[in-house]
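> Below: one structure in structure tokens.
2 protein chains.
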Amino acid sequence: MGHFLSITVNDKLYIKDPQSSDLGQKILKNSIILIDELGLDNFTFKKLADHIESTEASIYRYFENKQKLFLYLLNWYWEWLNFMLENNTINVSDPRKKLRIMLMVLIDSAKRNLDVEYIDEDILHRLVIVEGAKGYHTKFVDQQNNEGFFLAYKQVCASLSQTIMEIKPDFPYTRSVASMILEMTFSNIYFSDHLPKLTSIESGEDRQDELLKMMEFIVDKILG
Amino acid sequence: MGHFLSITVNDKLYIKDPQSSDLGQKILKNSIILIDELGLDNFTFKKLADHIESTEASIYRYFENKQKLFLYLLNWYWEWLNFMLENNTINVSDPRKKLRIMLMVLIDSAKRNLDVEYIDEDILHRLVIVEGAKGYHTKFVDQQNNEGFFLAYKQVCASLSQTIMEIKPDFPYTRSVASMILEMTFSNIYFSDHLPKLTSIESGEDRQDELLKMMEFIVDKILG
DNA sequence: TAATTATGATAGTATTACTATCATATGCAA
DNA sequence: TTGCATATGATAGTAATACTATCATAATTA
Chain A
2 MGHFLSITVN
12 DKLYIKDPQS
22 SDLGQKILKN
32 SIILIDELGL
42 DNFTFKKLAD
52 HIESTEASIY
62 RYFENKQKLF
72 LYLLNWYWEW
82 LNFMLENNTI
92 NVSDPRKKLR
102 IMLMVLIDSA
112 KRNLDVEYID
122 EDILHRLVIV
132 EGAKGYHTKF
142 VDQQNNEGFF
152 LAYKQVCASL
162 SQTIMEIKPD
172 FPYTRSVASM
182 ILEMTFSNIY
192 FSDHLPKLTS
202 IESGEDRQDE
212 LLKMMEFIVD
222 KILG
Chain B
2 MGHFLSITVN
12 DKLYIKDPQS
22 SDLGQKILKN
32 SIILIDELGL
42 DNFTFKKLAD
52 HIESTEASIY
62 RYFENKQKLF
72 LYLLNWYWEW
82 LNFMLENNTI
92 NVSDPRKKLR
102 IMLMVLIDSA
112 KRNLDVEYID
122 EDILHRLVIV
132 EGAKGYHTKF
142 VDQQNNEGFF
152 LAYKQVCASL
162 SQTIMEIKPD
172 FPYTRSVASM
182 ILEMTFSNIY
192 FSDHLPKLTS
202 IESGEDRQDE
212 LLKMMEFIVD
222 KILG
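Sequence lines, in order, name chains A and B. Each number in the numbering used here comes from the position in the first sequence (counting from 1) with 1 added on. Each number in the numbering used here comes from the position in the second sequence (counting from 1) with 1 added on.
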């Protein structure tokens, strides 16, 4: 079914739509793999070009630079996340149940029903967890925010925020709790893999269950 | 009084101790200013060298590369934060009061009593808020963690964690809540300046009071 | 068949991220 | 005072990065 849905990304992020051509799709697919492998800092267009047996010049026809490409990938992920959140809660009227499902989607994006062959959502999810914060923690955030580069991310928060409001209409900090849920979920996955002292979640078999349990506990406490 | 205290930073982060010489102190002072001004990505040793009227070669005698210099600054900040947390809670026995003070220190590091002329704590605090996450969101986090580059950060979390445990000995998620407090506090300051849709805190006069109020509210709810 | 478009091949520039060498100044030790 | 170590500066050089430009050619489309 997912085959019929396509993700639309802010067109200021690319020069030429990478989803529209073979080479473009190759760039997306392999940039995700390479950034995951090398880290964003060590990833270069040259390395990507060599990897896909193309040239730097060709890649520059799609993206201005690697930051834009990276923001493109982040936006693709956020748009996809928005779709997943929407899609999985469409017939759920109980807001508490809805929030629970949203937490599950955030944690376990593996339940995907959208397969775009040129994007590996699992690797992308990992990439977002590891490097995602770099997308908006930059000196140029204001300028990029003006260009709408964070709309999709803000939409994810808005959806969470909306659901919190449905649960507790008089809750005074919906937006901060929404962004906290997002960041806390991701960072606890990251911490459990790399900085275990910073999390109560152990990396292992039932990590996702543990994390869901914890996030539900925290959210329940906060929303009373 | 602070004049007599010095901050010790993991010696694997530098080649030659920058706190031990004029040039080293100049490097620290001006790297903070320049990274704040240009952003970490656009900051280079060449620009720093020109700025302080020295040479790249001289700077490389102190730091291997800019990542190490950046990690040094982060560590300096974290060590300093640890000192501030410790120093401000030393005679406070009520753990709830202690946590409240710790939140205040996190939010308003302006109450500083340690003046090292070669570090501007205010700019450094801003820098940590804007770029701090880049310190540990990297592909090389495991290796760097092994070298102890995050000990000071983990110590901050440990102190928070400890205090939470004093408040509620049976609380199951002290570590995750501790890291959440840290990250949420910083990101809400950042968001209120740059991505207001992601926070309930408005940038302005009484932001710090509002933030403290919110963080206390959240923590109170979570700890019951 | 001609025209357009997409990609590849190649070259070139400025900047970055270093490393190496030599000269000089400064301080301390004998 | 001489001498020696140490710190910094000055200069040069290399490989990689981050682009930009031009031309050739293959594939599409009109």
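Where is the CB? At the ideal position from N, CA and C, for every residue including glycine.
(1) At least one CB of chain B closer than 9 Å to the CB of Q163(A): is that the case?
(2) Could you give the DSSP three-state label for I137(B): helix, strand or coil?
(3) Exposed or buried, Q144(B), counting other C-beta atoms within 10 Å across all chains shown (16 or more means buried)?
(4) Cutting at 6 Å between CB atoms, please list the residues of its own chain near Q1(B), excluding the five before and the five after it.
(5) Excluding five sequence neighbours on each side, which residues of the same chain lie with their C-beta closer than 8 Å to the C-beta of I33(B)?
(6) Relative to the C-alpha of P197(A), which candidate in A159(B), K140(B) and L24(B) has its C-alpha closest?
(7) Where does P197(B) fall in DSSP's three states?
(8) Go through its chain and collect everything with a Cβ distance to R62(A)'s Cβ below 8 Å, but skip five positions before and after it.
(9) Below 8 Å, can you find three or more Cβ-Cβ pairs linking the region 171-186 of chain A to the region 184-204 of chain B?
(10) Report all residues from its chain with a CB closer than 7 Å to the CB of L70(B); omit the five preceding and five following residues, and keep chain order.
(11) Cβ atoms of V131(A) and G205(A): under 9 Å apart, would you say?
(12) Let me confirm a value: A58(A) is counted as buried when at least 16 other C-beta atoms fall within 10 Å, else exposed. Which label applies?
(13) Please go through the same chain and pick out, in chain order, the residues whose beta-carbon is closer than 8 Å to the beta-carbon of E87(B), but skip the five residues on each side of it.
(14) Report the neighbours of M105(A) on chain B: residues whose CB is nearer than 8 Å to its CB, in chain order.
(15) Can you pull the chain B residues whose beta carbon is under 9 Å from the beta carbon of L39(A), in chain order?
(16) I'd like the list of long-range same chain contacts for Q26(A), defined as Cβ closer than 6 Å, with 5 residues on each side in sequence excluded.
(17) Leaving out five residues before and five after H52(A) in sequence, what residues of the same chain have Cβ atoms less than 7 Å from its Cβ?
(18) Quick one: using the 10 Å Cβ neighbour count with 16 as the cut-off for buried, is K98(A) buried or exposed?
(19) Going along the region 11-40 of chain A in order, which residues come within less than 8 Å of chain B, judged by CB to CB distance?
(20) Using DSSP with H/G/I as helix, E/B as strand and the rest coil, what is I53(A)?
(21) Along chain A, which residues have their Cβ under 9 Å away from the Cβ of E184(B)?
(22) One question on the structure: do M105(A) and M185(B) come within less than 9 Å of each other, judged by their Cβ atoms?
(23) Could you tell me the distance, in whole angstroms, from the CA atom of T9(A) to the CA atom of F192(A)?
(24) List in chain order: all unbroken alpha helix (DSSP H) runs of 4+ residues lying wholly within the region 126-175 of chain B.
(25) Hey, L152(A) and N11(A) are a contact pair by Cβ (cut 8 Å); roughly how many whole angstroms apart?
(26) Near V93(B), what residues of its chain come up, given a Cβ to Cβ distance below 7 Å and the 5 sequence neighbours on each side ignored?
(27) For the region 190-216 of chain A, which residues have a CB atom closer than 7 Å to at least one CB atom of chain B, in sequence order?
(28) So what's V220(A) in DSSP terms, helix, strand or just coil?
(29) Taking CB distances under 9 Å as the criterion, tell me whether G225(A) reaches chain B.
(30) Three-state secondary structure (DSSP) at R101(A)?
(31) Using a Cβ-Cβ cutoff of less than 8 Å, which residues in the same chain neighbour T56(A) once the five nearest sequence positions on both sides are dropped?
(32) Give me the Cα-Cα distance between F218(A) and S22(A), rounded to the nearest whole angstrom.
(33) Alpha helix (DSSP H) containing G25(A): first to last residue?
(34) Near S7(B), which residues of its chain fall below 8 Å by C-beta distance, leaving aside the five closest residues on each side in sequence?
In terms of the structure at hand:
(1) To locate residue 163(A), count along the first sequence from 1; it is residue 162. Judged by the 9 Å Cβ criterion, Q163(A) is not in contact with chain B.
(2) On the second sequence, position 136 is the one that residue 137(B) refers to. Here residue 137(B) turns out to be Tyr, not Ile, going by the sequence shown. Looking at Y137(B) - three-state DSSP - the assignment turns out to be coil, as it is neither helix nor strand.
(3) Taking the second sequence and counting its residues from 1, the one referred to as residue 144(B) is at position 143. That one is exposed.
(4) Given a span of 2 to 225 for chain B in the structure shown, any question on residue 1(B) remains unanswerable.
(5) Against the second sequence, residue 33(B) aligns to sequence position 32. Sequence-distant partners of I33(B) (beyond 5 residues in either direction) whose C-beta falls short of 8 Å from its own C-beta, in its chain, are L74, I120, D121, I124, L125 and L128.
(6) As a working mapping, residue 197(A) is identified with position 196 in the first sequence. Comparing Cα-Cα distances from P197(A) to each of A159(B), K140(B) and L24(B), the minimum goes to A159(B).
(7) Your numbering for residue 197(B) matches position 196 in the second sequence. DSSP places P197(B) in helix when its eight states are reduced to three.
(8) For the purposes of this step, residue 62(A) is taken as the residue at position 61 of the first sequence. Around R62(A): I16 and K17.
(9) Yes, since at least three Cβ pairs between the region 171-186 of chain A and the region 184-204 of chain B fall closer than 8 Å, the two stretches touch.
(10) Numbered from 1 along the second sequence, position 69 holds the residue referred to as residue 70(B). If we look at L70(B) and ignore the five residues flanking it on each side, its Cβ neighbours are S32 and F64.
(11) If you number the first sequence from 1, residue 205(A) lands on position 204. If you number the first sequence from 1, residue 131(A) lands on position 130. 9 Å or more divides the Cβ of G205(A) from the Cβ of V131(A).
(12) Position 57 of the first sequence, counted from the first residue, corresponds to residue 58(A). The residue in question, A58(A), is exposed, as its Cβ has fewer than 16 Cβ neighbours within 10 Å.
(13) Along the second sequence, one-based indexing puts residue 87(B) at 86. Here the set comprises S160.
(14) In the first sequence, the residue the question calls residue 105(A) occupies position 104. The contacting residues do not exist; M105(A) stays about 18 Å from chain B at best.
(15) In the first sequence, the residue the question calls residue 39(A) occupies position 38. Residues of chain B passing the Cβ test: K140.
(16) Numbered from 1 along the first sequence, position 25 holds the residue referred to as residue 26(A). Counting only Cβ-Cβ distances below 6 Å, and skipping sequence neighbours, we find Y119.
(17) Indexing the first sequence from 1 puts residue 52(A) at position 51. Counting only Cβ-Cβ distances below 7 Å, and skipping sequence neighbours, we find N31 and L35.
(18) Here residue 98(A) is taken as the residue at index 97 of the first sequence, counted from 1. Answer is exposed; the Cβ neighbour count stays below 16.
(19) L39 and G40
(20) Position 52 of the first sequence, counted from the start, is the residue given in the question as residue 53(A). Taken through DSSP and simplified to helix, strand or coil, I53(A) comes out as coil.
(21) By one-based count along the second sequence, residue 184(B) stands at place 183. Chain A residues near E184(B): M181, E184, M185 and S188.
(22) Position 104 of the first sequence holds residue 105(A). Position 184 of the second sequence holds residue 185(B). Cβ distance not < 9 Å, so M105(A) and M185(B) don't count as in contact.
(23) The residue given as residue 9(A) occupies position 8 in the first sequence. The residue given as residue 192(A) occupies position 191 in the first sequence. Distance between the alpha carbons of T9(A) and F192(A) is about 31 Å.
(24) The region 126-175 of chain B contains these whole alpha helix (DSSP H) runs: 142-147 and 152-168.
(25) To locate residue 152(A), count along the first sequence from 1; it is residue 151. To locate residue 11(A), count along the first sequence from 1; it is residue 10. Rounded, the Cβ-Cβ distance is 7 Å, consistent with contact.
(26) Walking along the second sequence from the start, residue 93(B) turns up at place 92. Once the five neighbours on either side are set aside, the close Cβ partners of V93(B) are K99 and I102.
(27) F192, H195, L196, K198, L199, T200, S201, I202 and M215
(28) Locating residue 220(A) in the first sequence gives position 219, counting from the first residue. Reduced to three states, the DSSP call for V220(A) is helix.
(29) Counted from its first residue, the first sequence places residue 225(A) at position 224. Under the Cβ distance rule, G225(A) counts among the residues neighbouring chain B, one pair being separated by less than 9 Å.
(30) For the purposes of this step, residue 101(A) is taken as residue 100 along the first sequence, with counting starting at 1. Of the three classes helix, strand and coil, the one that applies to R101(A) here is helix, per DSSP.
(31) As a first step, residue 56(A) must be located in the first sequence, where it is residue number 55. These residues qualify, in order along the chain: A50.
(32) As a working note, residue 218(A) is residue 217 in the first sequence. As a working note, residue 22(A) is residue 21 in the first sequence. When rounded, the distance between both Cα atoms is 46 Å.
(33) The sequence position of residue 25(A) within the first sequence is 24, counting from 1. DSSP places G25(A) in the uninterrupted alpha helix (DSSP H) bounded by D23 to L39.
(34) The residue given as residue 7(B) occupies position 6 in the second sequence. Cβ neighbours of S7(B) beyond the five flanking positions: Q20 and V117.
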